[in-house]
Amino acid sequence: MTPGKELLYVALGGSGEIGMNVSLYGADGKWLMVDCGVTFADPAYPGIDIILPDLQFIEDRVADLAGIVITHGHEDHIGALPYFAADLGVPIYATPFTAGLIRGKLEEEGIAKQVKLKIIEIGGSVKVGPFGVSFVPMAHSIPEPSALVIETKYGRVFHTGDFKLDPNPQVGTPASPEQLTAIGDKGILAMMCDSTNVLNEAASGSEEDVRAGLHAEIARAEGRRVLVTSFASNAARLQTLASCAIANGRQVCVAGRSLDRILKVAKATGYLKDFPETVDFDTAMRLPRGKLLIIGTGGQGEDRAALARISSGSHQLKLESGDRVIFSSKQIPGNEVAIGKIMNTLAERGIELITDKQAHVHVSGHPGRPELAKMYKWIRPQMVVPVHGEGRHLTEHGKFATAQGIKRSVVQKNGDVLRLSPGEPKRIGFATVGRLLLDGDVILPADGSTINERRRLATYGQMSVAVAIGKGGRIIGQPKICVQGVPVEEDRDPFLAEVQGAVIKVLSTNERNAEKRTEAIRLAARRVATRWTGKKPVVDVMLIEG
Numbered sequence: 001m002t003p004g005k006e007l008l009y010v011a012l013g014g015s016g017e018i019g020m021n022v023s024l025y026g027a028d029g030k031w032l033m034v035d036c037g038v039t040f041a042d043p044a045y046p047g048i049d050i051i052l053p054d055l056q057f058i059e060d061r062v063a064d065l066a067g068i069v070i071t072h073g074h075e076d077h078i079g080a081l082p083y084f085a086a087d088l089g090v091p092i093y094a095t096p097f098t099a100g101l102i103r104g105k106l107e108e109e110g111i112a113k114q115v116k117l118k119i120i121e122i123g124g125s126v127k128v129g130p131f132g133v134s135f136v137p138m139a140h141s142i143p144e145p146s147a148l149v150i151e152t153k154y155g156r157v158f159h160t161g162d163f164k165l166d167p168n169p170q171v172g173t174p175a176s177p178e179q180l181t182a183i184g185d186k187g188i189l190a191m192m193c194d195s196t197n198v199l200n201e202a203a204s205g206s207e208e209d210v211r212a213g214l215h216a217e218i219a220r221a222e223g224r225r226v227l228v229t230s231f232a233s234n235a236a237r238l239q240t241l242a243s244c245a246i247a248n249g250r251q252v253c254v255a256g257r258s259l260d261r262i263l264k265v266a267k268a269t270g271y272l273k274d275f276p277e278t279v280d281f282d283t284a285m286r287l288p289r290g291k292l293l294i295i296g297t298g299g300q301g302e303d304r305a306a307l308a309r310i311s312s313g314s315h316q317l318k319l320e321s322g323d324r325v326i327f328s329s330k331q332i333p334g335n336e337v338a339i340g341k342i343m344n345t346l347a348e349r350g351i352e353l354i355t356d357k358q359a360h361v362h363v364s365g366h367p368g369r370p371e372l373a374k375m376y377k378w379i380r381p382q383m384v385v386p387v388h389g390e391g392r393h394l395t396e397h398g399k400f401a402t403a404q405g406i407k408r409s410v411v412q413k414n415g416d417v418l419r420l421s422p423g424e425p426k427r428i429g430f431a432t433v434g435r436l437l438l439d440g441d442v443i444l445p446a447d448g449s450t451i452n453e454r455r456r457l458a459t460y461g462q463m464s465v466a467v468a469i470g471k472g473g474r475i476i477g478q479p480k481i482c483v484q485g486v487p488v489e490e491d492r493d494p495f496l497a498e499v500q501g502a503v504i505k506v507l508s509t510n511e512r513n514a515e516k517r518t519e520a521i522r523l524a525a526r527r528v529a530t531r532w533t534g535k536k537p538v539v540d541v542m543l544i545e546g
């Protein structure tokens, strides 16, 4: 499919899910990609930490790809770039802070010299093939979030990216209502709009309000150590925490590689200039307890992050009974169990926990209904296309936009190819979409044999049967049986003896066909396991002929 004299839109990720955002716009024979993100661990994929979008649709049309434009630096918008950017072979356009994060990722992957990374000033514009792209500063939970005005011969699109409305964002200066209204005055065909918090009746709130809540909760912990965990990328929250530390006479210790990276890039691009000098772990542990504020990663329950190790006592930084941990972040759906495990460990040690349910210590970076309504009023699009949400978010957003007076709402999902113009918006095709898995250093299909085998092993366990066969088919020694993940526990020895007996019985027949003999052994061993456990483990058979 090659775009003709029309404006097309297709999401390869981020529509029908929260995360892994990839959008394509098509016009005059070319495609423009907006964002290229990942999503994170899912219990459905054992052993996998990072999930990538399947970009086959645009990889098959890579000669028609004009460039990649990035709205902001969150992982669900930039995390897939190190794995695809070199092969896609087109320039990446981003504002300075976002470009700094991307550059670090490309360097880690060893491909920085192979990828053209072009920096666009905040509020700047660029021509990418037939597309004119203007960056519009917004507020979010990371520096330099940008909405995009994408201009084509067939209409103008306002792509919000992730945003909220915050009159006092602490970091950066978002576009004013007057500036957004001026964009709407020029006419907007379609607004691709953040749907994450469309179910929230209230506005998200200002970062300035969180400052007061955090200050109060830190002050209440007089004489005790305080650890605050938040998203590392939330530089505004880091600024807020620094101010709270200074106001409460505490020094700051930072725990987590991602925090170190964000601080480095933020300072290099002009942010957090007054962030206090941090103390190292040894110095932190020598400070009086009431003179330390720890900012740590791991509020989503990540088992290798700083908070998990601190909670278990395996980190250089130590907390004791009476100390306080403040969760200055929202629980991402799917992480509840992991977060709860860490919270339980902390609580059992007598450490006090504060979340946004007990105090005003967090605000979201996404718009609630009042903010969406204001954005509609300023931009006045002919249609709203909900993105960045699960199916329920997209559907509800479509209804809400229509109720607010928007002429059309077009609810789509990953893979739907929409013609936005000319004529009425309509679905004209379907693009290949899906998930790829980063397994160590290897990228695998999410529905491939490797992950299916891993699921079977995780569910049923595994048995190995090794038999040495001499001349004339005579067994040499005893069959060797190994089991992993088969629930025999204290009955292991009698279980293995029965499997050995079943294998010997098979080998005592006159069957000489190697394949048939191997299959007979496999079935015999599995029948024993099923009789003992009710499970049907994976059975591997090795016949070693001497």
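Numbering-wise, the sequence shown is residues 1 to 546 according to UniProt numbering. Backbone N, C-alpha and C fix where the C-beta goes; we use that ideal spot for every residue, glycine too.
Quiz prompt | Start and end residues, alpha helix (DSSP H) containing D260 | solution = For the purposes of this step, residue 260 is taken as the residue at position 260 of the sequence shown. Looking at the DSSP string, the run of the alpha helix (DSSP H) that includes D260 is R257 to A268.
Exercise. In angstroms with no decimal places, state the Cα-to-Cα distance between G26 and P3.
Key: Here residue 26 refers to the residue found at position 26 of the sequence shown. Here residue 3 refers to the residue found at position 3 of the sequence shown. When only Cα atoms are considered, G26 and P3 end up about 5 Å apart.
Quiz prompt | Where A343 falls: helix, strand or coil (DSSP) | solution = What you label residue 343 is simply residue 343 of the sequence shown in a count that begins at 1. For the sequence presented, residue 343 should be read as Met rather than Ala. In the three-state scheme derived from DSSP, where H, G and I count as helix and E and B as strand, M343 is classed as helix.
Quiz item: K291 and G129: beta carbons closer than 7 Å?
Solution: To locate residue 291, count along the sequence shown from 1; it is residue 291. To locate residue 129, count along the sequence shown from 1; it is residue 129. Contact flag unset, no.
Quiz item: Which residues in the same chain have their Cβ closer than 7 Å to the Cβ of G429, if we skip the five residues on either side of it in sequence?
Solution: Looking up residue 429 in the sequence shown gives position 429. Excluding residues within five positions, the ones whose Cβ falls inside 7 Å are M1 and V417.
Practice problem: Would you kindly work out how many angstroms separate the C-alpha atoms of L65 and V433, rounded to a whole number? | Solution: On the sequence shown, position 65 is the one that residue 65 refers to. On the sequence shown, position 433 is the one that residue 433 refers to. If I take the Cα positions, the gap works out to 17 Å.
Quiz item: Is the distance from the Cβ of G213 to the Cβ of H77 below 7 Å?
Solution: Stepping through the sequence shown from its first residue, residue 213 is reached at position 213. Stepping through the sequence shown from its first residue, residue 77 is reached at position 77. No. Outside cutoff.
Quiz item: Contact check, C36 vs F84 under 8 Å by CB: the rounded distance?
Solution: Taking the first residue of the sequence shown as position 1, residue 36 is located at position 36. Taking the first residue of the sequence shown as position 1, residue 84 is located at position 84. 6 Å between Cβ atoms; contact.
Quiz prompt | Alpha-carbon to alpha-carbon, I50 and E489 | solution = Here the question's residue 489 lines up with position 489 in the sequence shown. Here the question's residue 50 lines up with position 50 in the sequence shown. It is roughly 34 Å from the alpha-carbon of E489 to the alpha-carbon of I50.
Quiz prompt | beta strand (DSSP E) runs wholly inside the region 383–468, at least 3 long, in chain order | solution = Within the region 383–468, the complete beta strand (DSSP E) runs of at least 3 residues are 383–387, 416–421, 426–430, 435–439 and 442–445.
Quiz item: A466: which of V499, P494 and I339 sits nearest, CA to CA?
Solution: Here residue 466 refers to the residue found at position 466 of the sequence shown. Closest option to A466, Cα to Cα, is V499.
Self-check item: Neighbourhood of T152 by C-beta distance below 7 Å, restricted to the same chain and skipping five residues each side
Solution: What you label residue 152 is simply residue 152 of the sequence shown in a count that begins at 1. Answer for T152: L7, A27, P130 and F131, listed in chain order.
Practice problem: Going by DSSP, name the residue or residues bridged to P137. | Solution: Numbered from 1 along the sequence shown, position 137 holds the residue referred to as residue 137. Beta-bridge pairing links P137 to S146.
Exercise. Spell out a yes or no on whether the region 385–398 and the region 219–232 are touching, meaning 3 or more CB-CB pairs, one atom from each, closer than 8 Å.
Key: The count of Cβ pairs closer than 8 Å, one atom from the region 385–398 and one from the region 219–232, stays below three, leaving the stretches out of contact.
Quiz prompt | Closest residue to K116 among T459, A525, I68 and S125 (Cα-Cα distance) | solution = For the purposes of this step, residue 116 is taken as residue 116 along the sequence shown, with counting starting at 1. When each option's Cα is compared against that of K116, the closest is I68.
Quiz item: Considering T355, what are the terminal residues of the beta strand (DSSP E) in which it resides?
Solution: As a first step, residue 355 must be located in the sequence shown, where it is residue number 355. Here T355 belongs to no beta strand (DSSP E), and DSSP marks it neither H nor E.
Exercise. Assuming S204 and G368 form a contact by the criterion Cβ under 8 Å, report the distance between their Cβ atoms to the nearest whole angstrom.
Key: Counting from one through the sequence shown, the residue named residue 204 turns up at place 204. Counting from one through the sequence shown, the residue named residue 368 turns up at place 368. About 5 Å; that satisfies the 8 Å criterion.
Quiz prompt | 8 Å contact criterion, which P381 and I70 should meet: CB distance rounded | solution = Translated into the one-based positions of the sequence shown, residue 381 becomes position 381. Translated into the one-based positions of the sequence shown, residue 70 becomes position 70. Not a contact, Cβ separation roughly 22 Å.
Quiz item: How would you call P422, buried or exposed, if buried means at least 16 neighbouring beta carbons within 10 angstroms?
Solution: Stepping through the sequence shown from its first residue, residue 422 is reached at position 422. By the Cβ-count criterion, P422 is exposed, with fewer than 16 other Cβ atoms from all chains shown falling within 10 Å of its own Cβ.
Quiz item: Based on the DSSP secondary-structure assignment, which residues constitute the bridge partners of M542?
Solution: By one-based count along the sequence shown, residue 542 stands at place 542. According to DSSP, which records beta bridges pairwise, M542 is partnered with A466.
Practice problem: Find out if the Cβ-Cβ distance for the pair S258, T283 is shorter than 7 Å. | Solution: Working through the sequence shown from its first residue, we reach residue 258 at position 258. Working through the sequence shown from its first residue, we reach residue 283 at position 283. No, the Cβ-Cβ distance between S258 and T283 is not below 7 Å.
Quiz item: Is the region 327–343 touching the region 244–258, taking contact as three or more C-beta pairs under 8 Å?
Solution: Fewer than three pairs of CB atoms, one per stretch, sit closer than 8 Å, so the region 327–343 makes no contact with the region 244–258.
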